[in-house]
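Undergrad: The opening residue of the sequence shown carries number 222 in my numbering; numbering runs sequentially from there. By construction, the Cβ of each residue, glycine as well, lies at the ideal position given by its N, Cα and C atoms.
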Amino acid sequence: MTADLLKVQSPDGISLAVERVGQGKPVLAVHGTTSTRGRWAPVLPALSTHFALYLMDRRGRGASGDAPGVHSMALEFADVAAVADAISQQTGSGITVVAHSYGAICALEAALLTPAISRLVVYEPPIPTEAAPESHDEGPVERLSALVASGDNSGALLYFYRSVIGMPETLIGRMTTRDDWPARTAVAPTLPREIMATRRYRFDAQRFAQLTIPTLVMVGAESPPRYQSSTALLAQTLPNNQTVSLAGQQHNAIDAAPDLFIRETLRFLAP
């Protein structure tokens with residue numbers, strides 16, 4: 222499996238790293254919080270036999286740059302749109318975006334910014350809803366900030382997995398032994414800003430009612446109410462969507478049940 226590392230400049234001048242793997246129609250993969258482009262390792266071998274995968278490092282991690290002290294979700298929406306535009310120009314075709322969690326919000330918003338995105342696969346974007354509003358408890362952010370400030374990036378990551386998203390201990394144990402664990406701990410300083418950005422995010426149903434591209438919305442059948450509510454909101458709003466519940470899964474089926482994630486993704490993207 223060969224890979225090329227590309228660089229795309231964001232609208233505000235940040236260098237964004239994008240790794241290209243495989244051959245076929247272009248698919249851009251956008252990871253969530255605590256991750257780098259390496260988070261797609263469990264599904265990369267299977268998907269790269271069908272598609273040319275473009276794995277981006279979002280700003281502030283991996284081989285991508287950052288703007289210290291300057292962050293907003295809007296910048297990240299524009300980042301994804303810029304990468305999509307660059308891939309579309311290079312390949313001469315529309316592209317599919319596959320995205321997880323925080324990255325899925327970025328992908329949805331990017332699809333409103335550029336016609337280069339022709340299909341979406343989004344897995345549990347943490348959109349605040351009336352049924353499951355974001356907490357205003359500052360405790361988790363303060364705790365994460367304190368752990369990062371003390372240099373305990375690993376502790377911050379474990380606290381986030383256990384106390385913020387409720388990841389099962391068995392899966393946490395598997396995550397800590399993966400090759401990308403050091404890369405994950407390195408991005409722990411971005412946790413507080415992304416939690417706060419998600420809390421401030423407001424989903425505009427009127428805008429998204431105009432997003433007519435085919436969209437697959439995936440949710441774990443055992444995921445907490447916040448993800449069930451955001452999935453229901455997308456199912457009600459997006460005019461051309463399919464919604465799939467992943468049996469027995471929560472927020473991290475990419476790690477816990479990669480074959481299931483692959484099967485549903487390939488089914489949706491089949492010619």
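1) If you draw a straight line from the alpha carbon of Thr335 to that of Ala404, how long is it in whole angstroms?
2) Look at the alpha carbon of Asp476 and the alpha carbon of Ala284, and state the distance between them as a whole number of angstroms.
3) Leu368 to Arg484, Cα distance in whole Å?
4) Would Tyr344 and Met439 qualify as a contact pair, given that the criterion is a beta-carbon distance under 7 Å?
5) For Ala328, I'd like the list of residues in its chain whose CB is within less than 7 Å of its CB, leaving aside the five on either flank, ordered along the chain.
6) Distance check for Gln449 and Val465, CA to CA, integer angstroms please.
7) Following the continuous beta strand (DSSP E) through Pro247, name the residue where it begins and the one where it ends.
8) Is it true that the CB of Pro247 sits closer than 7 Å to the CB of Ile308?
9) Taking only three categories from DSSP, how would you classify Ala328?
10) Are the beta-carbon atoms of Pro347 and Thr419 separated by less than 7 Å?
11) Judging by CA-CA distance, which residue of Thr270, Phe298, Gln470, Thr433 is the nearest neighbour of Thr458?
12) Within the segment 223-298, note down every full beta strand (DSSP E) run reaching 3 residues or more, in order along the chain.
13) Consult DSSP for Ala442 and reduce its assignment to one of helix, strand or coil.
14) So which of Gln470, His472, Arg414 has the shortest CA-CA distance to Pro289?
TA: In short:
1) Position 114 of the sequence shown, counted from the first residue, corresponds to residue 335. Position 183 of the sequence shown, counted from the first residue, corresponds to residue 404. Thr335 and Ala404: Cα-Cα distance of roughly 30 Å.
2) Within the sequence shown, the letter at position 255 stands for residue 476. Within the sequence shown, the letter at position 63 stands for residue 284. One C-alpha to the other measures close to 23 Å.
3) For the purposes of this step, residue 368 is taken as the residue at position 147 of the sequence shown. For the purposes of this step, residue 484 is taken as the residue at position 263 of the sequence shown. Roughly 38 Å separates the two Cα atoms.
4) Indexing the sequence shown from 1 puts residue 344 at position 123. Indexing the sequence shown from 1 puts residue 439 at position 218. Yes, the Cβ-Cβ distance between Tyr344 and Met439 is below 7 Å.
5) Taking the sequence shown and counting its residues from 1, one reaches residue 328 at position 107. Within the same chain, Ala328 has close Cβ partners Val251, Val301, Val318, Ala320, Leu341, Val343.
6) Against the sequence shown, residue 465 aligns to sequence position 244. Against the sequence shown, residue 449 aligns to sequence position 228. If you draw a straight line from the Cα of Val465 to the Cα of Gln449, it is about 11 Å long.
7) Residue mapping note: residue 247 aligns to position 26 of the sequence shown, counting from 1. Unbroken beta strand (DSSP E) run through Pro247: 246-251.
8) Position 87 of the sequence shown, counted from the first residue, corresponds to residue 308. Position 26 of the sequence shown, counted from the first residue, corresponds to residue 247. Their beta carbons are under 7 Å apart, which means Ile308 touches Pro247 by this criterion.
9) Working through the sequence shown from its first residue, we reach residue 328 at position 107. It is helical.
10) As a working mapping, residue 347 is identified with position 126 in the sequence shown. As a working mapping, residue 419 is identified with position 198 in the sequence shown. Between Pro347 and Thr419, the CB-CB gap stays under 7 Å.
11) Reading the sequence shown from its first residue, position 237 is the one you call residue 458. Minimum Cα-Cα distance from Thr458 among the listed residues Thr270, Phe298, Gln470, Thr433 corresponds to Thr433.
12) Counting whole runs of 3 or more residues, the segment 223-298 contains the beta strand (DSSP E) stretches 224-230, 236-242, 246-251, 272-277.
13) Counted from its first residue, the sequence shown places residue 442 at position 221. Ala442 falls in the coil class under three-state DSSP.
14) Residue mapping note: residue 289 aligns to position 68 of the sequence shown, counting from 1. When only C-alpha atoms are compared, the closest one is Arg414.
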